[in-house]
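Taken in order, these protein sequences are the chains called A and B.
Quick note on numbering: the numbering used here labels position 60 of the first sequence as 64, and the sequence is numbered without any gaps.
Quick note on numbering: the numbering used here labels position 91 of the second sequence as 95, and the sequence is numbered without any gaps.
There are 2 protein chains.
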Amino acid sequence: MLGAHYRPGMSSTPAEPQSRPARDRRSPYNLDELLEVVAHEFLERGYDATSMEDLSRATGRTKSSIYHHVSGKEELLRLAVARALDALFAVLDEEQDRQGPAVERLERVVRGSARVLVAELPYVTLLLRVRGNTEGEREALSRRREFDKRLSALVGDAIREGDVRADLDPRLVTRLLFGMVNSLVEWFRPGGAHDRQEVEDALVALAFDGLRPR
Amino acid sequence: MLGAHYRPGMSSTPAEPQSRPARDRRSPYNLDELLEVVAHEFLERGYDATSMEDLSRATGRTKSSIYHHVSGKEELLRLAVARALDALFAVLDEEQDRQGPAVERLERVVRGSARVLVAELPYVTLLLRVRGNTEGEREALSRRREFDKRLSALVGDAIREGDVRADLDPRLVTRLLFGMVNSLVEWFRPGGAHDRQEVEDALVALAFDGLRPR
Numbered sequence: 005m006l007g008a009h010y011r012p013g014m015s016s017t018p019a020e021p022q023s024r025p026a027r028d029r030r031s032p033y034n035l036d037e038l039l040e041v042v043a044h045e046f047l048e049r050g051y052d053a054t055s056m057e058d059l060s061r062a063t064g065r066t067k068s069s070i071y072h073h074v075s076g077k078e079e080l081l082r083l084a085v086a087r088a089l090d091a092l093f094a095v096l097d098e099e100q101d102r103q104g105p106a107v108e109r110l111e112r113v114v115r116g117s118a119r120v121l122v123a124e125l126p127y128v129t130l131l132l133r134v135r136g137n138t139e140g141e142r143e144a145l146s147r148r149r150e151f152d153k154r155l156s157a158l159v160g161d162a163i164r165e166g167d168v169r170a171d172l173d174p175r176l177v178t179r180l181l182f183g184m185v186n187s188l189v190e191w192f193r194p195g196g197a198h199d200r201q202e203v204e205d206a207l208v209a210l211a212f213d214g215l216r217p218r
Numbered sequence: 005m006l007g008a009h010y011r012p013g014m015s016s017t018p019a020e021p022q023s024r025p026a027r028d029r030r031s032p033y034n035l036d037e038l039l040e041v042v043a044h045e046f047l048e049r050g051y052d053a054t055s056m057e058d059l060s061r062a063t064g065r066t067k068s069s070i071y072h073h074v075s076g077k078e079e080l081l082r083l084a085v086a087r088a089l090d091a092l093f094a095v096l097d098e099e100q101d102r103q104g105p106a107v108e109r110l111e112r113v114v115r116g117s118a119r120v121l122v123a124e125l126p127y128v129t130l131l132l133r134v135r136g137n138t139e140g141e142r143e144a145l146s147r148r149r150e151f152d153k154r155l156s157a158l159v160g161d162a163i164r165e166g167d168v169r170a171d172l173d174p175r176l177v178t179r180l181l182f183g184m185v186n187s188l189v190e191w192f193r194p195g196g197a198h199d200r201q202e203v204e205d206a207l208v209a210l211a212f213d214g215l216r217p218r
């Protein structure tokens, strides 16, 4: 099961030092920190080219201490992309229960997704590179499709309410709109030329009102 | 030099059979066909993980017959991404010399770029994955930056002419707009749910007029 070994409490309540393997003399384990290094290694080397040996070197952990928490690199990839997916679904779920025009919920989903991309940059980048070569990757792709379906439904609702133009196919709009949102992983860097708020505002302005002055 | 070994005449006037290496009994060389197979291999396996052995197997050519035309896999990558870049720059160059409002030239550049993405899908996909690990990749990145600079200048002209809203930074607009255009490589497939013309029209509609009805 996806995330079966993921222990949310670990990052705040690390294991007692004496419970770690004798060969591993570093500070207690923190799965969040481990995942961050692993995600960067996967992005840098490519998932296929990264060995457990590489991950051991990059994280400063023995392989056996990594195996103590996960079954191998495939599970590490699952955990990393699940982190991105969970955060993106949380944005949708929050809007699901809200009242009000669909177009306003759609705008908040665009803003919320952009925020997740920035906050979980390496994990979302990994998610967007997943091609379905392993069971875990296919699971991630299936969750991405579910996400797109729910987005398309939201766009469809906004069209029916008359707040989004009716001459465009909702699925095509969803692809283009989130193509724009997802492009952030390619060029947005914290501390770069544009801050998070400026990017989010420009994204919403462009998506909803377009380039031409109104 | 980028593309130094590229011989545009080759695809239409293949070498005479007797000039080929004795071990290679297939039809005469066609660099375009070779590049197409190579680009798919690079995309499938990842550039780093692809050996000349793999390319020999995939193309059905001996390694020596490949080396007859290129110096190695780095040059094959250069040729593949140069093909995408040349086509994209051709779109910009054509508009450069034209008269008329900048916003109209910008719209034609968006349409033209979308057409190039579809026509040169594997090459543009490779180009967008280039990370700058080799000299050839850094050269490609530098040409991408030059392309973005010229796009931003065009957006800036359209703002000054009053046809594009002045409240957004031209560089940021360029990134978001072409983030949307470039997303095509992720999901557009010939013969898929949406045809080329529908995608191009939706792209322009969304980019210039946004989601809200005018």
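Here a beta-carbon is modelled for each residue, glycine too, at the ideal position from N, C-alpha and C.
Query                                                                                                                                                                                                              : Result
Can you confirm whether the segment 172 to 185 of chain A touches the segment 143 to 163 of chain A when touching is taken to mean that 3 or more C-beta pairs between the two stretches lie within less than 8 Å? : yes
Measure the C-alpha to C-alpha separation of residue 102/A and residue 192/A and round it to an integer number of angstroms.                                                                                       : 30 Å
Determine, for residue 156/B, whether the minimum Cβ-Cβ distance to residues of chain A falls below 8 Å.                                                                                                           : no
Go ahead and label residue 183/A buried or exposed: buried means 16 or more other beta carbons lie within 10 angstroms of its beta carbon, across all protein chains shown.                                        : buried
Taking 8 Å as the threshold (beta carbon to beta carbon), is residue 168/B in contact with chain A?                                                                                                                : yes
Counting only Cβ-Cβ distances shorter than 9 Å, please list the residues of the segment 168 to 189 of chain A near chain B, keeping chain order.                                                                   : 168, 169, 170, 171, 172, 173, 175, 176, 177, 179, 180, 181, 182, 183, 184, 185, 186, 187 and 188
DSSP state of residue 173/B, grouped into three classes?                                                                                                                                                           : coil
My assumption, with CB atoms under 8 Å, is that residue 96/B sits in contact with residue 114/B. Please give the rounded CB distance.                                                                              : The pair is not a contact, with the Cβ atoms about 11 Å apart (cut-off 8 Å).
I'd like to know whether the C-beta of residue 50/B is nearer than 8 Å to at least one C-beta of chain A.                                                                                                          : yes
Could you tell me which of 217/B, 188/B, 109/B and 88/B sits nearest to residue 167/B, measuring between CA atoms?                                                                                                 : 109/B
Would you decide whether residue 146/B is buried or exposed? Buried here means 16 or more other CB atoms lie within 10 Å of its CB.                                                                                : exposed
Please confirm if residue 53/B has its CB atom under 8 Å from at least one CB of chain A.                                                                                                                          : yes
Quick one: which chain A residues come within Cβ less than 7 Å of residue 44/B?                                                                                                                                    : The contacting residues do not exist; residue 44/B stays about 13 Å from chain A at best.
Between the C-alpha atoms of residue 221/A and residue 132/B, what's the straight-line distance to the nearest angstrom?                                                                                           : With chain A represented from 5 up to 218, any question about residue 221/A goes unanswered, as that position is not in the structure.
Kindly give me the distance between the Cβ atoms of residue 53/A and residue 215/B, rounded to whole angstroms, as I take these residues to be in contact under 8 Å.                                               : That belief does not hold up - the Cβ atoms of residue 53/A and residue 215/B are roughly 40 Å apart, past 8 Å.
Can you pull the chain B residues whose beta carbon is under 9 Å from the beta carbon of residue 216/A, in chain order?                                                                                            : 107, 167, 168, 169, 212, 213, 214 and 218
Measure how close the beta-carbons of residue 152/B and residue 129/B come, nearest whole angstrom, since I'm counting them as under 8 Å.                                                                          : Going by Cβ atoms, the distance from residue 152/B to residue 129/B rounds to 18 Å, so no, they are not a contact pair.
Do residue 144/B and residue 85/B have their C-beta atoms closer together than 8 Å?                                                                                                                                : yes
Throw me the rounded Cβ distance for the residue 207/B and residue 118/B pair, which I believe falls under 8 Å.                                                                                                    : 6 Å
What did DSSP end up calling residue 192/A once you bin it into helix, strand or coil?                                                                                                                             : coil
If the cut is a Cβ gap below 9 Å, which residues of chain B does residue 197/A touch?                                                                                                                              : 173, 175 and 176
Does the CB of residue 207/A have a neighbour CB from chain B at under 8 Å?                                                                                                                                        : yes
What are the boundary residues of the alpha helix (DSSP H) that residue 75/A is part of?                                                                                                                           : That residue, residue 75/A, is in no alpha helix (DSSP H); it is neither H nor E in DSSP.
At what residue ranges does the segment 59 to 119 of chain A contain a whole run of the beta strand (DSSP E), taking only runs of 3 or more?                                                                       : none
Measuring alpha carbon to alpha carbon, tell me which of 190/B, 170/B, 88/B and 111/B ends up nearest residue 99/B.                                                                                                : 111/B
Within 8 Å (strictly less), CB to CB, does residue 134/A reach chain B?                                                                                                                                            : no
For residue 187/A, which of helix, strand or coil comes out of DSSP?                                                                                                                                               : coil
For residue 141/B, count neighbouring C-beta atoms within 10 Å of its own C-beta (all shown protein chains included) and say buried if the count is 16 or more, exposed if not.                                    : buried
At a Cβ threshold of 8 Å, is residue 203/A touching chain B?                                                                                                                                                       : yes
Tell whether a beta-carbon distance below 8 Å holds between residue 125/A and residue 203/A.                                                                                                                       : no
Which residues in the same chain as residue 198/A place their Cβ atom closer than 7 Å to its Cβ, once the five residues preceding and following it in sequence are excluded?                                       : none
When burial is assigned at 16 or more other CB atoms within 10 Å of the CB, is residue 116/A buried or exposed?                                                                                                    : buried
Using three-state DSSP, classify residue 167/A as helix, strand or coil.                                                                                                                                           : coil
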